[in-house]
(Lines of atoms letter the chains of each structure in order from A and count residues from 1; the text may use other names and numbers.)
(Lines give C-alpha, C1' and ligand atoms only; values in the text may rest on other atoms or scores of the structure.)
Protein backbone atom coordinates (compact mmCIF):
# COMPACT_ATOMS: atom_id res chain seq x y z
CA UNK A 1 0.00 0.00 0.00
CA UNK A 2 1.26 3.48 -0.89
CA UNK A 3 1.45 5.80 2.10
CA UNK A 4 -0.14 9.23 1.79
CA UNK A 5 1.69 12.04 3.60
CA UNK A 6 -0.28 15.12 4.63
CA UNK A 7 1.91 18.22 4.41
CA UNK A 8 -0.69 20.84 5.40
CA UNK A 9 -4.19 20.64 6.85
CA UNK A 10 -6.53 23.50 7.71
CA UNK A 11 -10.32 24.01 7.59
CA UNK A 12 -10.19 25.08 3.92
CA UNK A 13 -7.71 22.81 2.18
CA UNK A 14 -5.20 19.98 2.45
CA UNK A 15 -1.83 19.57 0.79
CA UNK A 16 -0.68 15.98 0.35
CA UNK A 17 2.38 14.30 -1.12
CA UNK A 18 0.95 11.73 -3.55
CA UNK A 19 3.23 8.73 -4.06
CA UNK A 20 3.77 7.30 -7.52
CA UNK A 21 1.52 4.29 -8.14
CA UNK A 22 -1.53 5.72 -6.34
CA UNK A 23 -4.44 7.12 -8.33
CA UNK A 24 -5.34 10.76 -7.68
CA UNK A 25 -9.07 10.19 -8.22
CA UNK A 26 -11.13 6.98 -8.45
CA UNK A 27 -11.19 5.13 -11.73
CA UNK A 28 -13.78 2.82 -13.24
CA UNK A 29 -14.26 -0.47 -11.45
CA UNK A 30 -13.84 -1.69 -7.89
CA UNK A 31 -10.09 -2.26 -8.32
CA UNK A 32 -9.53 1.46 -9.01
CA UNK A 33 -11.11 2.95 -5.89
CA UNK A 34 -7.97 3.25 -3.76
CA UNK A 35 -6.95 6.83 -4.48
CA UNK A 36 -5.99 10.12 -2.85
CA UNK A 37 -9.55 11.49 -2.96
CA UNK A 38 -11.17 8.44 -1.34
CA UNK A 39 -8.48 8.22 1.33
CA UNK A 40 -8.93 11.90 2.20
CA UNK A 41 -12.72 11.56 2.30
CA UNK A 42 -12.31 8.60 4.66
CA UNK A 43 -9.91 10.51 6.91
CA UNK A 44 -11.97 13.72 6.82
CA UNK A 45 -15.68 12.85 6.56
CA UNK A 46 -16.62 16.56 6.48
CA UNK A 47 -14.68 16.99 3.22
CA UNK A 48 -16.67 17.85 0.07
CA UNK A 49 -17.59 15.06 -2.38
CA UNK A 50 -15.06 16.07 -5.08
CA UNK A 51 -12.15 17.72 -3.23
CA UNK A 52 -9.41 17.42 -5.90
CA UNK A 53 -8.50 20.82 -7.34
CA UNK A 54 -6.14 19.21 -9.88
CA UNK A 55 -4.82 15.72 -10.72
CA UNK A 56 -1.56 13.89 -11.17
CA UNK A 57 -1.05 10.80 -13.32
CA UNK A 58 -1.06 7.54 -11.38
CA UNK A 59 2.69 6.95 -11.67
CA UNK A 60 3.57 10.59 -10.96
CA UNK A 61 4.55 11.48 -7.42
CA UNK A 62 4.08 15.02 -6.17
CA UNK A 63 2.08 17.60 -4.31
CA UNK A 64 -1.72 17.62 -4.60
CA UNK A 65 -4.09 20.30 -3.37
CA UNK A 66 -7.53 19.24 -2.10
CA UNK A 67 -10.34 21.55 -0.99
CA UNK A 68 -12.27 20.77 2.17
CA UNK A 69 -15.31 22.94 1.34
CA UNK A 70 -17.10 24.29 -1.74
CA UNK A 71 -15.99 27.91 -1.30
CA UNK A 72 -12.36 26.84 -1.07
CA UNK A 73 -12.73 24.57 -4.12
CA UNK A 74 -14.16 27.46 -6.19
CA UNK A 75 -11.40 29.82 -5.06
CA UNK A 76 -8.55 27.37 -5.66
CA UNK A 77 -9.97 26.17 -9.01
CA UNK A 78 -10.23 29.77 -10.18
CA UNK A 79 -6.56 30.31 -9.33
CA UNK A 80 -5.62 27.30 -11.48
CA UNK A 81 -7.87 28.49 -14.34
CA UNK A 82 -6.34 31.97 -14.23
CA UNK A 83 -2.85 30.41 -14.18
CA UNK A 84 -1.96 32.02 -10.87
CA UNK A 85 -0.57 28.69 -9.66
CA UNK A 86 2.93 27.92 -10.90
CA UNK A 87 3.51 24.20 -11.44
CA UNK A 88 6.91 22.57 -11.68
CA UNK A 89 7.84 18.95 -12.40
CA UNK A 90 11.15 17.15 -12.59
CA UNK A 91 11.46 14.23 -15.00
CA UNK A 92 14.29 11.92 -16.01
CA UNK A 93 14.34 11.38 -19.77
CA UNK A 94 15.60 8.19 -21.41
CA UNK A 95 18.37 9.90 -23.39
CA UNK A 96 20.32 13.14 -23.63
CA UNK A 97 18.59 16.41 -24.53
CA UNK A 98 20.98 18.57 -26.56
CA UNK A 99 19.50 22.00 -25.80
CA UNK A 100 19.55 23.68 -22.39
CA UNK A 101 16.02 25.14 -22.29
CA UNK A 102 13.03 25.96 -24.43
CA UNK A 103 9.27 26.11 -24.90
CA UNK A 104 7.13 23.32 -26.34
CA UNK A 105 3.77 24.21 -27.88
CA UNK A 106 1.84 21.24 -29.31
CA UNK A 107 -1.83 20.59 -30.00
CA UNK A 108 -3.04 17.13 -29.03
CA UNK A 109 -6.20 15.20 -28.30
CA UNK A 110 -7.46 11.81 -27.15
CA UNK A 111 -6.83 8.95 -29.56
CA UNK A 112 -10.36 7.52 -29.46
CA UNK A 113 -9.15 4.23 -30.97
CA UNK A 114 -6.40 3.83 -28.36
CA UNK A 115 -7.52 5.29 -25.02
CA UNK A 116 -6.02 6.85 -22.92
CA UNK A 117 -3.30 7.62 -25.49
CA UNK A 118 -3.13 11.24 -26.69
CA UNK A 119 -2.07 12.10 -30.25
CA UNK A 120 -0.66 15.18 -31.93
CA UNK A 121 -3.37 16.96 -33.93
CA UNK A 122 -2.46 20.48 -35.11
CA UNK A 123 -6.03 21.18 -36.29
CA UNK A 124 -8.39 19.69 -33.69
CA UNK A 125 -6.06 19.22 -30.74
CA UNK A 126 -6.07 21.37 -27.62
CA UNK A 127 -3.01 23.52 -27.11
CA UNK A 128 -0.47 22.32 -24.55
CA UNK A 129 2.42 24.63 -23.64
CA UNK A 130 5.38 23.89 -21.37
CA UNK A 131 8.61 25.70 -20.63
CA UNK A 132 11.52 23.43 -19.77
CA UNK A 133 15.11 23.65 -18.56
CA UNK A 134 17.78 20.97 -18.40
CA UNK A 135 19.13 20.34 -14.90
CA UNK A 136 21.88 17.83 -15.74
CA UNK A 137 22.90 14.77 -17.75
CA UNK A 138 23.92 11.52 -16.09
CA UNK A 139 24.24 7.90 -17.31
CA UNK A 140 22.88 8.76 -20.78
CA UNK A 141 19.79 10.39 -19.26
CA UNK A 142 18.76 14.05 -18.91
CA UNK A 143 17.04 15.43 -15.84
CA UNK A 144 14.57 18.11 -16.96
CA UNK A 145 12.55 20.69 -15.03
CA UNK A 146 9.16 21.24 -16.70
CA UNK A 147 6.95 24.28 -16.12
CA UNK A 148 3.56 23.49 -17.71
CA UNK A 149 1.60 26.60 -18.68
CA UNK A 150 -1.47 24.54 -19.56
CA UNK A 151 -2.78 21.38 -17.95
CA UNK A 152 -3.61 18.84 -20.65
CA UNK A 153 -3.82 15.09 -20.10
CA UNK A 154 -0.35 13.52 -20.46
CA UNK A 155 1.05 16.92 -21.47
CA UNK A 156 4.57 16.47 -20.12
CA UNK A 157 4.77 12.87 -21.29
CA UNK A 158 3.90 14.02 -24.82
CA UNK A 159 6.15 17.07 -24.68
CA UNK A 160 9.05 14.84 -23.69
CA UNK A 161 8.46 12.01 -26.17
CA UNK A 162 7.02 13.62 -29.33
CA UNK A 163 9.44 14.41 -32.15
CA UNK A 164 8.17 18.01 -32.20
CA UNK A 165 8.90 18.24 -28.48
CA UNK A 166 12.11 16.92 -26.93
CA UNK A 167 11.87 13.59 -28.78
CA UNK A 168 12.95 11.57 -25.72
CA UNK A 169 10.40 9.78 -23.49
CA UNK A 170 10.33 9.92 -19.71
CA UNK A 171 12.01 6.90 -18.11
CA UNK A 172 9.40 4.25 -17.32
CA UNK A 173 6.67 5.72 -19.53
CA UNK A 174 4.72 2.77 -20.94
CA UNK A 175 2.38 4.87 -23.13
CA UNK A 176 4.84 7.09 -24.96
CA UNK A 177 8.14 5.33 -24.27
CA UNK A 178 9.58 1.85 -23.78
CA UNK A 179 9.09 1.51 -20.04
CA UNK A 180 6.74 -0.46 -17.86
CA UNK A 181 4.35 1.40 -15.56
CA UNK A 182 6.03 2.11 -12.27
CA UNK A 183 9.64 1.90 -13.51
CA UNK A 184 11.81 4.33 -11.60
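In my numbering, the protein residues as written are 53 to 236. Backbone N, C-alpha and C define an ideal beta-carbon position, used for all residues, glycine too.
Under the three-state reduction of DSSP, which class applies to residue i: helix, strand or coil?
{"i": "residue 192", "result": "coil"}
{"i": "residue 77", "result": "coil"}
{"i": "residue 61", "result": "strand"}
{"i": "residue 182", "result": "strand"}
{"i": "residue 89", "result": "helix"}
{"i": "residue 200", "result": "strand"}
{"i": "residue 216", "result": "coil"}
{"i": "residue 128", "result": "helix"}
Residues bridged to residue i by DSSP?
{"i": "residue 222", "result": "145"}
{"i": "residue 150", "result": "DSSP lists no partner for residue 150."}
{"i": "residue 104", "result": "118"}
{"i": "residue 157", "result": "181"}
Just reading off the beta strand (DSSP E) that residue i is part of, what are its end residues?
{"i": "residue 176", "result": "Here residue 176 belongs to no beta strand (DSSP E), and DSSP marks it neither H nor E."}
{"i": "residue 70", "result": "65–70"}
Hey, would you say residue i sits closer than 9 Å to residue j, going by beta carbons?
{"i": "residue 167", "j": "residue 185", "result": "no"}
{"i": "residue 139", "j": "residue 203", "result": "yes"}
{"i": "residue 212", "j": "residue 123", "result": "no"}
{"i": "residue 172", "j": "residue 162", "result": "no"}
{"i": "residue 210", "j": "residue 176", "result": "no"}
{"i": "residue 224", "j": "residue 111", "result": "yes"}
{"i": "residue 146", "j": "residue 67", "result": "no"}
Terminal residues of the continuous alpha helix (DSSP H) containing residue i?
{"i": "residue 118", "result": "Counting along the chain, residue 118 falls outside any alpha helix (DSSP H), though it belongs to the beta strand (DSSP E) covering 114–119."}
{"i": "residue 134", "result": "First-last for residue 134: undefined, no H or E at that position."}
{"i": "residue 209", "result": "207–213"}
Could you check if residue i is buried or exposed, using at least 16 other CB atoms within 10 Å of its CB as the buried criterion?
{"i": "residue 98", "result": "exposed"}
{"i": "residue 188", "result": "exposed"}
{"i": "residue 200", "result": "buried"}
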